[in-house]
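In the numbering used here, the protein residues as written are 2 to 308. Just so you know, even glycine gets a beta-carbon here, dropped at the ideal spot from N, CA and C. Notes to accompany the following structure.
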Amino acid sequence: MNGFFRALECRLRALQLAGVRRVPRLWPEAPAPVAAGASPSAGVAASAVDSRPQFGSMAEFARQMRERLGVAGGGAGASKAAPGRSSRSRGAAETARPAAEPEAGQGLPPRRPADAGVDAQLASLAATVARCTRCAELAASRTQTVFADGPSNAELMFVGEAPGQDEDARGVPFVGRAGQLLTKIITAGMGMRREDVYICNILKCRPPGNRNPAPDEAAHCREYLDKQIELVAPKVICCLGGVASRFLLDDATPVGQMRGQWRQYRGIPVRVTYHPAYLLRNYTVDARQKVWDDVREVAAKLRELRG
Ligand code: SF4
2 MNGFFRALEC RLRALQLAGV RRVPRLWPEA PAPVAAGASP SAGVAASAVD SRPQFGSMAE
62 FARQMRERLG VAGGGAGASK AAPGRSSRSR GAAETARPAA EPEAGQGLPP RRPADAGVDA
122 QLASLAATVA RCTRCAELAA SRTQTVFADG PSNAELMFVG EAPGQDEDAR GVPFVGRAGQ
182 LLTKIITAGM GMRREDVYIC NILKCRPPGN RNPAPDEAAH CREYLDKQIE LVAPKVICCL
242 GGVASRFLLD DATPVGQMRG QWRQYRGIPV RVTYHPAYLL RNYTVDARQK VWDDVREVAA
302 KLRELRG
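The following block contains the structure:
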């Protein structure tokens with residue numbers, strides 16, 4: 002049986018060398034089912050979740066298959082427990098490891114020093130938003146407004162759709178399951194820290210039942226978002242999902258067609274990618290690969306603009 006897996010590993014290695022794309026390692030574990038009553042923006046029904054195991058590399062696939070079948074000798078990490086294994090096969094397993102990926106939480110902290118004046122203006126704007134009743138239905142149903150999360154000197158801004166149930170309860174954007182996935186995207190996918198980016202939404206109030214924002218609600222709230230962008234002055238904006246891109250860019254093109262290209266918002270480069278909640282509903286290698294590609298482009302643009 003060991004011989005079979007060694008042959009399999011060699012074959013997979015050959016495929017990898019031949020250019021077969023490696024599965025992204027953004028989110029190696031399958032997402033847990035969503036509890037009943039949880040916010041749709043924060044997750045999806047358990048039946049919609051792809052619970053198949055996710056493998057980070059060909060070698061990892063072979064190692065996990067060995068473990069599942071109870072076969073000794075689990076790749077490079079198990080080579081000490083398999084004394085009969087040749088140094089040649091150990092070497093193959095070692096080299097089959099994926100190339101180094103960004104370490105979580107490293108790199109790209111804001112370079113611009115924090116400005117107390119900007120902080121004060123954002124605090125004043127947040128106070129104005131907290132009193133806002135422009136959208137009567139939202140103002141009556143919200144627990145609180147959800148202004149933003151992140152430093153005023155952030156160079157990267159994420160713009161989402163609207164608060165969900167968890168965000169409405171805590172007053173912070175992207176703190177539910179979708180938010181946890183966004184944090185993984187930022188750290189594992191981009192090599193950044195969540196506390197170094199600015200995160201906000203098109204709407205500052207949760208739409209009842211997490212329905213999509215209505216155009217008039219987005220129009221009412223647009224002034225606040227525009228002012229946030231003006232004050233934070235990010236180098237790059239990443240739009241999360243079709244609702245955010247539609248209202249920020251005034252363009253209803255589906256995300257699938259809009260992603261992969263740079264747009265502009267008042268001279269700021271904008272990249273559109275899928276909302277993390279969409280990923281939770283479509284937890285496939287293809288969807289993750291697309292978001293992986295998008296956020297890497299965003300990180301690369303940020304580095305480019307920093308010089
Ligand atoms: S969504 Fe925006 S404009 Fe509407 S009530 Fe809330 S803060 Fe005001």
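Worksheet item: Along the chain, where does the beta strand (DSSP E) that runs through residue 262 open and close?
Response: For the purposes of this step, residue 262 is taken as the residue at position 261 of the sequence shown. It is not in any beta strand (DSSP E) - residue 262 carries neither H nor E in the DSSP assignment.
_Per-residue DSSP class, three states only, for residue 80_ = Here residue 80 corresponds to residue number 79 of the sequence shown, with the count starting at 1. Its pLDDT being 32, under 50, residue 80 is placed unreliably in this model, and the value from its coordinates should be taken loosely. Of the three classes helix, strand and coil, the one that applies to residue 80 here is helix, per DSSP.
### Message
Between which residues of its own chain and residue 251 is the CB-CB distance below 7 Å, once the five residues before and five after are set aside?
### Response
Walking along the sequence shown from the start, residue 251 turns up at place 250. Here the set comprises nothing.
- request: Tell me the start and end of each unbroken beta strand (DSSP E) in the region 218-261 that is at least 3 residues and wholly inside, in chain order.
  value: 237-241
Rounded C-beta distance between residue 215 and residue 174? I'm assuming under 8 Å. On the sequence shown, position 214 is the one that residue 215 refers to. On the sequence shown, position 173 is the one that residue 174 refers to. With 8 Å as the limit, residue 215 and residue 174 do not qualify as a contact, their Cβ atoms being about 19 Å apart.
**Q.** Residues proximal to the ligand SF4 by C-beta, any heavy atom closer than 5 Å
**A.** 130, 133, 135, 136, 139, 140, 204, 205, 206, 221 and 222
With contact counted as at least three CB pairs below 8 Å, one residue from each stretch, are the region 162-174 and the region 194-210 in contact?
yes
Q. Based on the DSSP secondary-structure assignment, which residues constitute the bridge partners of residue 158?
A. Locating residue 158 in the sequence shown gives position 157, counting from the first residue. Answer by DSSP bridge pairing, in chain order: 199 and 238.
Presumed contact (8 Å Cβ cut-off) between residue 280 and residue 292, rounded CB distance | Counting from 1 along the sequence shown, the entry for residue 280 is found at position 279. Counting from 1 along the sequence shown, the entry for residue 292 is found at position 291. Right, the Cβ-Cβ distance comes to about 6 Å (below 8 Å), so this counts as a contact.
How do the region 214-233 and the region 171-189 stand: do at least 3 beta-carbon pairs fall below 8 Å, yes or no? no
Q. Do the CB positions of residue 259 and residue 273 come within less than 8 Å of each other?
A. Position 258 of the sequence shown holds residue 259. Position 272 of the sequence shown holds residue 273. Yes, the Cβ-Cβ distance between residue 259 and residue 273 is below 8 Å.
* Taking the alpha-carbon positions, what's the residue 118 to residue 255 distance? -> For the purposes of this step, residue 118 is taken as the residue at position 117 of the sequence shown. For the purposes of this step, residue 255 is taken as the residue at position 254 of the sequence shown. Whole-angstrom Cα-Cα distance: 38 Å.
Check your understanding: Nearest to residue 187 by CA position, among 109, 269 and 285, is which residue?
Key -> Mapped onto the sequence shown, residue 187 falls at position 186. Closest option to residue 187, Cα to Cα, is 109.
Given residue 235 as reference, the closest of 143, 282, 151 and 144 once Cα atoms are compared
In the sequence shown, counting from the first residue as 1, residue 235 sits at position 234. Of the candidates 143, 282, 151 and 144, the one whose C-alpha sits nearest the C-alpha of residue 235 is 151.
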